[in-house]
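Colleague: I am attaching a structure below and will ask some questions about it afterwards.
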Amino acid sequence: MEATARGWKSTSIGDDVVSFLWQHPLEHIHYVVVDTQFTTSDGSGTAGQADSGAEAQLDDLLISIYGAGNDDVGAKSVHVDGTDIPAKLIVDSLEDVEEGAPGFRPARQLKPAAYSSSLLEEAQSERPEHIEFRLLSCALDTLAQLLHKQDSEQLRKSLLDLYDLSLVEGDYRRAARVIASVKSLAGIESVRPLSDRWVEEAVSETRLRQVAASGIVGATKQVVEDLVVFFRACGRAAIPAILASYPAVEDPRLRRALSHLALQIGFEDLSAIRGLLTDPQAFVAQEALFLLSQVATPEAHALLQEAQQHPQPAVRIAFLSLAATFSSNEMIPIAAAMLLDPDAKVARAAANVLGTIKDDPRAMEALRVAAEADSFVSREAEVKDSILMNYSLLARSRALPLLATYIKKGEGRLVKSEVEDLAVAAVKSLRMVATPGAVQALRKAYAVSNRRVKETAKEVFTRMQEESKQ
């Protein structure tokens with residue numbers, strides 16, 4: 121039909137084409153048979169001219185359409201160019217032809233072909249995914265041929281429409297199959313520019329951000345699994361869209377699953393992660409720290425270190441939870457500085473980090489310096505507990521003199537609450553020492569007049585007895 125619309129240098133369509141179409145009815149095509157007389161610009165008739173040329177072109181066309189070896193695809197399209205073409209007039213005049221107009225009518229074969237019933241049954245029983253596979257295979261095989269530019273562009277748009285429809289319907293696995301199929305054409309040099317352009321458009325940041333925004337939030341487990349397949353097929357182009365969805369994802373398990381996916385895909389640069397660090401929601405920045413700890417490049421390591429000065433305490437705590445990412449040589453000075461953090465939870469986390477570094481005396485020294493500072497008595501009670509307990513854990517019997525001093529300061533009934541807190545923290549820390557000297561210090565704490573210190577000493581002693589029996 122396209123060749124007819126473009127026109128041929130002949131005066132007839134050819135009985136063989138008409139007969140073929142008549143004998144093989146297609147439900148979506150309406151046939152009208154007409155007699156047409158063409159005239160040249162001077163008014164003289166042209167009917168009957170160039171019949172042999174028309175027949176030759178028809179033969180070539182039929183061979184091209186029906187002579188291909190691939191039954192699913194057929195041959196590449198045929199374009200017949202020409203000027204002063206009467207065929208264009210045929211197409212334009214069809215609308216004015218009345219039903220039943222006189223003209224050539226070849227005999228119609230009313231008896232169905234022998235294979236018709238089995239062919240219909242096979243078509244009806246074919247599963248949608250099989251049809252989809254055949255459609256994609258046909259499209260790719262056709263696209264791989266040296267098509268006319270107009271045909272290539274039309275096929276490219278059709279594949280993009282199929283892809284967009286899959287995204288709109290939420291069929292992310294089908295969309296992934298379309299992407300993977302088109303990417304497979306990159307190995308064909310002649311088709312690579314077309315396939316690259318298609319993929320670039322399909323995985324544009326605008327498209328993928330829309331998918332992430334509409335698909336991830338509130339998604340079921342199955343949808344999440346489908347999205348993972350889709351984003352993996354998109355490759356690194358999906359990274360910005362994945363990370364941009366974090367502020368709207370409240371489920372920490374889903375965020376972590378997306379982070380693992382992003383790590384599997386890989387990062388070309390850290391710009392997308394850097395943007396997460398400044399997000400006003402702490403959980404977004406925390407996820408960024410996890411990503412940086414897993415990327416394990418010098419640039420990521422340096423960016424991770426910057427989080428120790430993050431304005432949100434929760435992010436600073438998350439940074440300290442990744443202490444294992446750093447060497448003790450790097451972490452000790454960082455944690456020592458963070459012992460002075462104005463947020464009590466951050467200071468406690470820093471003390472706990474130092475308490476795990478048992479093979480470097482600088483960690484114990486940093487805790488001792490913090491515990492002996494003049495300002496230590498005015499720190500929050502939980503900070504005193506953490507610093508003294510971790511110091512005692514590392515120093516053991518060497519911590520007893522300092523602990524005894526603090527217990528002595530809080531033995532009176534009328535001491536300030538901050539001094540009392542310090543004495544209570546010192547009593548609790550004796551449990552970390554767990555030596556005869558610590559037991560002796562506990563016995564002395566029984567005799568103090570401060571009720572709170574005395575009761576704490578009894579609780580610690582009872583707990584130490586229970587632990588010794590285990």
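For what it's worth, my numbering labels the leading residue of the sequence shown as 121, then goes sequentially.
Glycine residues also receive a C-beta, built at the ideal position from the N, C-alpha and C atoms.
Is the separation between the beta-carbon of leucine 523 and that of leucine 550 shorter than 8 Å?
Modeller: Going by C-beta atoms, leucine 523 is nearer than 8 Å to leucine 550.
Colleague: Please report how far the alpha carbon of alanine 296 lies from the alpha carbon of leucine 275, in whole angstroms.
Modeller: 18 Å
Colleague: If you draw a straight line from the C-alpha of valine 404 to the C-alpha of alanine 467, how long is it?
Modeller: Answer to the nearest angstrom: the Cα atoms are 22 Å apart.
Colleague: Going by C-alpha distance, which of Phe350, Glu309, Ala306 and Glu345 is nearest tyrosine 283?
Modeller: Phe350
Colleague: Locate the alpha helix (DSSP H) running through alanine 434, then write down its first and last residues.
Modeller: 433–440
Colleague: Short check: CB of methionine 91 to CB of alanine 443, under 8 Å?
Modeller: This structure cannot settle anything about residue 91, because the visible part of the chain is limited to 121 through 590.
Colleague: Measure the C-alpha to C-alpha separation of leucine 520 and valine 547 and round it to an integer number of angstroms.
Modeller: 10 Å
Colleague: Assuming glycine 557 and serine 517 are in contact, meaning their beta carbons sit under 8 Å apart, how far apart are those beta carbons, in whole angstroms?
Modeller: 6 Å
Colleague: At a cut of 8 Å, does the segment 355–373 reach the segment 390–404 through at least three beta carbon pairs?
Modeller: yes
Colleague: Have a look at glutamate 500 and alanine 554 and give me their C-alpha separation to the nearest angstrom.
Modeller: 25 Å
Colleague: Compare the beta carbon distance of alanine 322 and isoleucine 299 with 8 Å and say whether it is the shorter of the two.
Modeller: yes
Colleague: Which word fits asparagine 449, buried or exposed, when buried means at least 16 other C-beta atoms lie within 10 angstroms of its C-beta?
Modeller: Within 10 angstroms of the beta-carbon of asparagine 449 lie fewer than 16 other beta-carbons, which makes it exposed.
Colleague: My guess is that isoleucine 336 and leucine 347 are in contact by the Cβ rule of under 8 Å, so how many angstroms apart are they, rounded?
Modeller: About 6 Å; that satisfies the 8 Å criterion.
Colleague: How many Å lie between methionine 451 and lysine 536 at the Cα?
Modeller: 35 Å
Colleague: Specify the secondary structure class of phenylalanine 446 as computed by DSSP and reduced to three states.
Modeller: coil
Colleague: Applying the criterion that 16 or more other CB atoms from any shown protein chain within 10 Å of the CB defines a buried residue, is valine 580 buried or exposed?
Modeller: buried
Colleague: In angstroms with no decimal places, state the Cα-to-Cα distance between arginine 572 and valine 415.
Modeller: Taking the straight line from one Cα to the other gives about 49 Å.
Colleague: Just reading off the alpha helix (DSSP H) that serine 498 is part of, what are its end residues?
Modeller: No alpha helix (DSSP H) contains serine 498, which DSSP labels as neither H nor E.
Colleague: Given a threshold of 16 other Cβ atoms within 10 Å of its Cβ, counted over all protein chains shown, does aspartate 162 qualify as buried or as exposed?
Modeller: Confidence is the limiting factor: at aspartate 162 the pLDDT is only 49, short of 50, which leaves the residue's position unreliable, though a coordinate-based value still follows. By the 10 Å Cβ count, aspartate 162 comes out exposed.
Colleague: Looking only at its chain, what residues have a beta carbon closer than 8 Å to the beta carbon of phenylalanine 439, apart from the 5 residues adjacent to it on each side?
Modeller: Leu409, Leu424, Ala427, Gln428 and His430
Colleague: Would DSSP call phenylalanine 387 helix, strand or coil?
Modeller: The answer is coil: DSSP assigns phenylalanine 387 none of H, G, I, E or B.
Colleague: With 16 as the cutoff for other CB atoms within 10 Å, does leucine 534 come out buried or exposed?
Modeller: By the neighbour-count rule (16 or more Cβ atoms within 10 Å), leucine 534 is not buried but exposed.
Colleague: Ignoring anything shorter than 4 residues, give me the alpha helix (DSSP H) runs that lie fully in the segment 298–384, in order along the chain.
Modeller: 312–322, 325–335, 341–354 and 359–364
Colleague: Using the C-alpha atoms, what's the distance from methionine 509 back to glutamate 485?
Modeller: 14 Å
Colleague: When burial is assigned at 16 or more other CB atoms within 10 Å of the CB, is glycine 307 buried or exposed?
Modeller: Counting every other CB atom within 10 Å of its CB across the protein chains shown gives glycine 307 a total below 16, marking it as exposed.
Colleague: Measuring alpha carbon to alpha carbon, tell me which residue in Gln585, Ile362, Glu388 and Pro481 is nearest arginine 592.
Modeller: Examination of residue 592 is not possible in this model, given that the chain is present from 121 through 590 alone.
Colleague: Got a sec? Which residues, its chain only, sit under 7 Å from serine 392 by beta carbon, not counting five neighbours each side?
Modeller: Position check: residue 392 holds alanine in this sequence, whereas serine was assumed. If we look at alanine 392 and ignore the five residues flanking it on each side, its Cβ neighbours are Ile359, Pro360 and Leu363.
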